[in-house]
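Down below is the structure, laid out as structure tokens.
Numbering (the working numbering), first residue to last: 83 to 377.
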């Protein structure tokens, strides 16, 4: 098996009104399922438009900017979601709607792919651009613009090529998996939800010196920009048929979101490209459908 990875970089994709409410517990950066879903949709479109053998193996996402659409007034304790209720009803009033959190994003995607000949890569990139312009969505948001996609090759252990690629991600933060923090907490007998809160909480302490000077400090349980992130689903019903399901040929089941911890990390701190890549993983024995870091 070749140790050289072929990577498709789609830089600085501006996404308008992406879904920021990615689970019942989290608001902010869209779920990892949204990004793998977007690249899977792109692969399927490529398969139908001249590249039947193209396959996207894993995806990494780099955040350059995330503007959460919330509002906090003077003396307000919490932020409110800036929502919309379109269209207006016949009386001109706002119709009833389910509140949806939205965000505007500037992100880059790096995709580990195969099935495209080197001689055909220029036409492949042109087809990717064409498809991204054809009313594609990402994280339920509209793609406003993106920069020229390009292809990179990185051989295992080639630090020079890796640095050349990660420079393209700057300034930005790659989202990586930190499920290991929750595993450690669970092994110590902690409740999962409490463990997530403990890693996100900021603890403030003060110390008084001999000359009665007070010094305040703030810290978290673990170093780094730790965030909660939705990474998949767990089935809560048996496979079967449901009334009015979208695809009558595919078994249906109800599911709930799986939330774990992630970390936004500067790409230049990565030792390998695998550190920022995510791929699908299923655990049918436990009814889990997940996005996990590449092992």
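The beta carbon of each residue, even a glycine, is placed where N, CA and C say it ideally should be.
Asked: Residues that DSSP places opposite residue 95 in a beta bridge; Found: 189
Asked: Selection from 371, 89 and 330 that minimises the alpha carbon distance to residue 203; Found: 89
Asked: Same chain, Cβ closer than 7 Å to residue 164, neighbours up to 5 away in sequence not counted; Found: 151, 152 and 153
Asked: Backbone secondary structure at residue 274 - three-state DSSP; Found: helix
Asked: Outcome for residue 378 when other beta-carbon atoms lying within 10 angstroms are tallied against a minimum of 16; Found: There is no way to answer for residue 378, as the model of the chain reaches only from 83 to 377.
Asked: Supposed close pair residue 243, residue 236 - CB separation, criterion 8 Å; Found: 5 Å
Asked: Rounded Cβ spacing between residue 117 and residue 97 (contact assumed at less than 8 Å); Found: Wrong, their Cβ atoms sit about 10 Å apart, outside the cutoff.
Asked: Cα-Cα separation, residue 184 to residue 302; Found: 28 Å
Asked: Boundaries of the beta strand (DSSP E) in which residue 290 is found, first to last residue; Found: 285 to 290
Asked: Inter-residue spacing [alpha-carbon to alpha-carbon] between residue 186 and residue 292; Found: 50 Å
Asked: Among 113, 248 and 309, the one whose alpha carbon lies nearest that of residue 350; Found: 248
Asked: Assigned secondary structure, residue 174 (DSSP; H/G/I helix, E/B strand, else coil); Found: coil
Asked: Residue 119 versus residue 288: straight-line alpha-carbon distance, rounded; Found: 46 Å
Asked: Whole-Å CB distance - residue 138 paired with residue 190, under 8 Å assumed; Found: That belief does not hold up - the Cβ atoms of residue 138 and residue 190 are roughly 15 Å apart, past 8 Å.
Asked: First and last residue of the uninterrupted beta strand (DSSP E) at residue 363; Found: 360 to 365
Asked: Three-way DSSP call (helix, strand, coil) for residue 326 in this model; Found: coil
Asked: Pair within 7 Å by beta-carbon distance, residue 197 and residue 123; Found: no
Asked: N-terminal and C-terminal residue of the beta strand (DSSP E) that residue 315 is part of; Found: 307 to 317
Asked: Candidates 213, 115 and 295, of which the one nearest residue 130 by Cα; Found: 213
Asked: When 171, 283 and 315 are compared against residue 336, the one with the closest alpha-carbon; Found: 315
Asked: One or two residues paired with residue 224 in a DSSP bridge; Found: 98 and 219
Asked: Residue 235 - containing beta strand (DSSP E), residue span; Found: 232 to 237
Asked: Residue 300 versus residue 91 - alpha carbon distance; Found: 38 Å
Asked: For residue 112 and residue 272, the rounded distance between their alpha carbons; Found: 27 Å
Asked: Distance between residue 294 and residue 338 (C-alpha atoms, nearest Å); Found: 53 Å
Asked: Same chain only: Cβ atoms within 7 Å of residue 227, ignoring 5 sequence neighbours per side; Found: 96
Asked: Distance between residue 239 and residue 83 (C-alpha atoms, nearest Å); Found: Only weak support is given to the placement of residue 83: the predicted model assigns it a pLDDT of 44, under 50, and the question is left unresolved by the model.
Asked: Same chain, Cβ closer than 6 Å to residue 101, neighbours up to 5 away in sequence not counted; Found: 112, 221 and 222
Asked: Rounded straight-line distance, which links the Cα of residue 181 to that of residue 360; Found: 30 Å
Asked: Cβ-based burial, residue 87 [other Cβ within 10 Å; buried from 16]; Found: buried
Asked: Closest by C-alpha distance to residue 260, when choosing among 246, 241, 281 and 245; Found: 281
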